[in-house]
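Since the structure comes first, as structure tokens, the remarks are kept for the end.
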Amino acid sequence: MNHIKHLIIEGFKKFVSLQMDFNEHMNILVGENEAGKSTVLDALRTVLNQQYRNADKAILRDLFNVDVVKAFQEHPGIKTLPRIVIEVELELDPDQNNAEYFYGEVYGVRKPQPEKYGIRFECKFDEEIGDGLDEIINEGRIPYEYYSMTWTTFANRPYQMVKRPINFISIDTTNNGAVSSFNYYNRTLFANKYDESTRIRAKNTFRDKLDQAFEQTGLPPIDEKRKFGIDGKKVVLETVLSVYENSIPLENRGSGMESLIKTKIALDRGSGVSVIMMEEPENHLSFTTLRKMLQEISDQQETSQIIVATHSNMIASRLNLNNVLWITEEGAKSLQTVNPKVANFFVKADDNAFLQLLLSKKAILVEGATEFLLVPYFYQRLTGKTIEEDEVTVISCNGISFHHYLAIAKATNKKIAVITDNDGKQERIDEANAFNGANNLQHVFMARDIQDWTWEVCIYKENQVLLDKQIKVKPNTPYLFHGNDYGPVLGRMLNNKVDVAYFMLMSSQEYATPQYVKEAIRWISG
Amino acid sequence: MDKRVILAVAGAGKTYHICHSIDPQKRNLILAFTHENIHNIRKELIDAHGSIPERTTVMTFDSFVYRHFICPYEPTIADFFDNQDFRSKGITTVDPPPQRIENGYGGVVANPKYKRKDQLGHYITKGNQYYCATISELVVYVKRGRESLIKRAAARLNLFFDQVLIDEFQDFREHDYDLIDTLSNLLSCVLLVGDYYQHSVSGINNTGRPFKNKKADVGYTDYVAKLKQDNYSVDETTLNRSRRCPEAICAFVREKLGINIESTGINQGGITWLAEEQIDAILQNPSIQKLVYNSAANYSFNAMNWSYSKGDTVDVACVILTDQFEGLDKEDFSVARISLSTINKLYVALTRSKGDLYLIKASIFKKLKDSYTK
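Listed in order, the protein sequences are those of chains A and B.
Following my numbering, the numbering of the first sequence begins with 45 at its first residue and continues without gaps.
Following my numbering, the numbering of the second sequence begins with 4 at its first residue and continues without gaps.
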């Protein structure tokens, strides 16, 4: 299937240099804010849609990578002037019209090399027209006006959008309500849906009828020589088109509905679109609409290539985290290596924190809400710093086995501490020890004694005197937990885990930290 | 591998055959020598298929070489000449400096601006534009051992085209011919269509391979033998009858010029030798195309040079002969002392009419020439 295979960026926006592969069907770009997700999408648009082609050169200020500009200013000269190269390698069917136009060896570093399909964008100082600007350049000023932008195919032929090798549509929900984005969408859809002769016929008929309609208004002339007429340039069919559904234009629907419908149309096989790009589809969508849209997307993934940038856990895991491309300043990393069984597990488990894990520098995985509340408290007590300061993320597994999370963590080389219960089972303790022996970056921490079978037990043991005083119990009440008698205070703690944890956090008392929790915190902060 | 040549006679409908025989579902690449040919092919394709089939491409041979051999492989070309920084800026029809120039005293000397073929400068201008005249030579030249540019480009063409068709292939000379020759062995399907007897008619490339062997002309029989030796299957029958020319004209050409051309008999017409007093009425008649050896523009009547008329069809033609053909009406006329190129040009002129053909002897025309000169 025709699709985007590989992207190379040099000196564009967030990246000094980036190389990334795309999956044939589903691609989920995740990353911190400002990590470069939008840069990747923008790079694709710049190459395929010739974005910025007619823009004022002043835009280059925003397009150059700041580090590249800084390097130039430190050592100004023609050789160090910022430049942008973006190459998009494509997979095309040689049977398709025009495929030949994109196939050659003119890409990357020029040398005899195997032919590939692709388009290359280059924005650089044009030494010919900029002859004699050495002085300005040597002062560290960038002569934006003397930059040229070129789009060429790997066969070294000029690229024009009319020869677009793949039908490509970009659904932008971040820039909601912007008329221009809508026009762009309408225009692309119009171009993809109908072949050229159909479009031209429609445009001609439209213009003819428009002239006729104006004639029929019978408007008297201005004077003997002058009269009003329709300026064809001002009424171009594409600019006045809207998509109507049940006679309501799409623009007038709510913005959530609007993205949903836009996506639906784009995904429809008949629309002729083969690559769909979506930026943060979660914006403006309610939970149920989002789920509906994700269903549409995943139903269509075999027939198109989808590239989604998102912050949403649900999107990333629903669309299968094997398809995640994790963007950082250093580059893009694919989660293809994560065991498909694990990936499938996260598809099912909507309520998960996999993105938090992926986007964290270091993480502590805990069992549930109780630990989630108290671990940051213990962390600060032990290290004197907050978890935020140390960029440690605490993630509550909420019933998901931490092994699933560790499978992802392994694929990304992250430092993870797991704080968990031994459940009174020696084999769990043995298993954890074996795991820690085999893994450097991920360790599992639990109480070493099977008597200390759960979190509350350990907390109570360390802080018995204080807690006996603080936690009120009614006399002659058994406070059984799962039918067992652990004494009234511990019994109450076990039966009201989260309330007690919250109470402890809010009381200004100092609590002692259980040994294994201490070890976990020392290990992760070390 | 499918490597075929169809040898055609004038007016047999080469273009018609090419355009009607292609499978419009297939990816066809049709090449021809001139823009005029291209125009005719496009017209014929539209007649045959309603429009130019979506997957069929028509282009001149020069565009073909530039787009499929030069552009996609510029890094290989640059590397071959050890000039990795080379970036071309398009192509020019300006000719490269000739190898020898006149020294101004009637002598001929080596041109200091000339670059040898082992230098990139032989193929590009100072402004980094390719010389159109040497692109085929460049393509043929770039090879290292068994790895050649042609081989790579041929594999690329096989990936994107099911069939390559070359019209008027007798017009290709020297490096163009060498390129076709080598390429044909590498393409999965190639069809060449041409008329041996129309070679050396176009104004350029009038000498050399494959129609000269050392200095001697290569005759029809030798030419066919050479093609067969090069593993072409040679078809001499499909297009051996002229749809355009009446039998009277074909018989005349057979007898006088020794060129084997038959008529389908679709059109009728005869040959008339004009006497002095008949000439004016013919020359003044704008519906009769006059064909002169050269300098057509100098005459006040509608005239065209013999060689330019190649590919055209007219209702009625009038050919004004040259001195060499003064005895064309005699029983004992012989072409033995006349150059092949001139004979072929006359062949072209005689075979334009789909009806009557008038002939004027040079001796008679000369008497009146001045009154028709601008």
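All C-beta atoms, glycine included, are put in the ideal place defined by N, C-alpha and C.
Computed from a prediction, not measured in an experiment: that's the story for all the values here.
Is the beta carbon of Asn161 of chain B within less than 7 Å of some heavy atom of the ligand HEM?
Absence of the ligand HEM is noted for the structure shown, with no ligands found whatsoever.
Does Tyr235 of chain B come within less than 8 Å of chain A when only Cβ atoms are used?
Not an interface residue.
Indicate the three-state DSSP secondary structure (helix, strand or coil) for Thr18 of chain B in the structure shown.
DSSP places Thr18 of chain B in helix when its eight states are reduced to three.
Please name the residue, chosen from A:Lys458, A:His447 and A:Leu88, that lies closest to Thr437 of chain A on a Cα-to-Cα basis.
When each option's Cα is compared against that of Thr437 of chain A, the closest is A:Lys458.
By how many angstroms is the C-alpha of Leu242 of chain B removed from the C-alpha of Phe214 of chain B?
Distance between the alpha carbons of Phe214 of chain B and Leu242 of chain B is about 21 Å.
Between the segment 47 to 66 of chain A and the segment 79 to 96 of chain A, are three or more C-beta pairs nearer than 8 Å?
Yes: the two stretches touch, three or more of their Cβ pairs being nearer than 8 Å.
Looking at chain B, which residues of the segment 139 to 153 of chain A have a Cβ within less than 7 Å of any of its Cβ atoms?
If the cut-off is 7 Å between Cβ atoms, the segment 139 to 153 of chain A has Asn141, Ala143, Glu144, Tyr147, Gly148, Glu149 and Val150 near chain B.
Report yes if the CB atom of Trp499 of chain A is closer than 8 Å to the CB atom of Asp465 of chain A, and no otherwise.
Result yes, Cβ atoms of Trp499 of chain A and Asp465 of chain A sit closer than 8 Å.
Which residue or residues does DSSP assign as beta-bridge partners of Ile169 of chain B?
Paired residue(s): B:Leu34 and B:Leu195.
Check for me: the alpha helix (DSSP H) holding Val107 of chain A runs from which residue to which?
As written in the sequence, residue 107 of chain A is Leu, which differs from the Val given in the question. Segment Leu104 to Leu107, the alpha helix (DSSP H) holding Leu107 of chain A.
Return no unless some Cβ of chain A is closer than 8 Å to the Cβ of Thr79 of chain B.
Yes - at least one Cβ of chain A is within 8 Å of the one on Thr79 of chain B.
Find the nearest neighbour of Arg185 of chain A within the set A:Lys114, A:Tyr151 and A:Asn211, judged by alpha-carbon distance.
When each option's Cα is compared against that of Arg185 of chain A, the closest is A:Lys114.
Which whole-angstrom value is the C-beta distance of Leu10 of chain B and Glu265 of chain B, which I expect to be below 8 Å?
The Cβ separation is near 13 Å, so there is no contact.
Can you find a C-beta in chain A that's less than 8 Å from the C-beta of Cys22 of chain B?
Not one chain A Cβ lies under 8 Å of Cys22 of chain B.
Between Ser361 of chain A and Asn327 of chain A, is the Cβ-Cβ spacing less than 8 Å?
Their beta carbons are not under 8 Å apart, which means Ser361 of chain A does not touch Asn327 of chain A by this criterion.
Between the beta-carbon of Leu304 of chain A and the beta-carbon of Met358 of chain A, is there less than 8 Å?
No, the pair does not count as a contact, with Cβ atoms beyond the cut-off.
Nearest by alpha-carbon distance to Asn263 of chain B: which of B:Glu250, B:Gly273, B:Thr325 and B:Ser366 is it?
Nearest of B:Glu250, B:Gly273, B:Thr325 and B:Ser366 to Asn263 of chain B, Cα basis: B:Glu250.
Sort A:Gly273, A:Val132 and A:Gly276 by Cα distance to Arg208 of chain A and report the nearest one.
It is A:Val132.
For the segment 152 to 182 of chain B, list every residue whose C-beta sits within 7 Å of some C-beta in chain A, in sequence order.
Result list: Arg159, Leu162 and Phe163.
If we define contact as Cβ-Cβ less than 8 Å, is Pro202 of chain A a contact residue for chain B?
No, its Cβ sits nowhere closer than 8 Å to a Cβ of chain B.
If distances are taken between C-alpha atoms only, which option among A:Leu379, A:Thr283 and A:Arg97 comes closest to Met578 of chain A?
No statement about residue 578 of chain A is possible, as the shown extent of chain A runs from 45 to 570 and does not include it.
For Val488 of chain A and Phe390 of chain A, I'd like the C-alpha separation in whole angstroms.
Cα to Cα, Val488 of chain A sits roughly 21 Å from Phe390 of chain A.
Going by DSSP in three states, Gln608 of chain A sits in which element: helix, strand or coil?
The requested residue 608 of chain A is not part of the displayed model; chain A covers only 45 to 570.
Counting C-beta neighbours from all protein chains within 10 Å, is the total for Val322 of chain B 16 or more, i.e. buried, or is it exposed?
Buried, since its Cβ has 16 or more Cβ neighbours within 10 Å.
Would you tell me roughly how many angstroms separate the C-alpha atoms of Gln486 of chain A and Asn480 of chain A, rounded to the nearest one?
Near 7 Å, if we compare the C-alpha coordinates of Asn480 of chain A and Gln486 of chain A.
Can you tell me where the beta strand (DSSP E) holding Ser236 of chain B begins and where it ends?
Its beta strand (DSSP E) spans residues Ser236 to Leu242.
Pick helix, strand or coil for Ile565 of chain A, following the three-state DSSP scheme.
Helix, per DSSP.
Pull up the CB-CB distance for Phe36 of chain B and Glu171 of chain B, whole angstroms please, since I reckon it's below 8 Å.
Indeed, because the Cβ distance is near 5 Å, the residues count as touching under 8 Å.
Thinking just about the alpha-carbon of each residue, which of A:Thr332, A:Ala353, A:Val317 and A:Glu166 is nearest to the one in Glu346 of chain A?
Here the closest residue by C-alpha is A:Val317.
Just to make sure I have the definition right: I need the residues of chain A whose C-beta is within less than 9 Å of the C-beta of Pro99 of chain B. Which are they?
Near Pro99 of chain B there are no residues of chain A at all, since even the closest Cβ is about 22 Å away, more than 9 Å.
Which of the three DSSP states, helix, strand or coil, is assigned to Arg335 of chain A?
Reduced to three states, the DSSP call for Arg335 of chain A is helix.
Grab the span of the alpha helix (DSSP H) containing Arg247 of chain B for me, first residue to last.
Unbroken run through Arg247 of chain B: none, as it is neither H nor E.
Verify whether the separation of the beta carbon atoms of Ser356 of chain B and Ala300 of chain B is less than 8 Å.
Cβ atoms of Ser356 of chain B and Ala300 of chain B: not closer than 8 Å.
Return the residues of the segment 45 to 67 of chain B that lie within a Cβ-Cβ distance of less than 8 Å from chain A, sorted by chain order.
From the segment 45 to 67 of chain B, only Glu57 and Arg58 have a Cβ closer than 8 Å to chain A.
Going by DSSP, which residues form a beta bridge with Ile72 of chain A?
Paired residues: A:Val352 and A:Val368.
Going straight from the alpha carbon of Asp318 of chain B to that of Ile291 of chain B, what length do you get?
Taking the straight line joining both Cα atoms gives about 7 Å.
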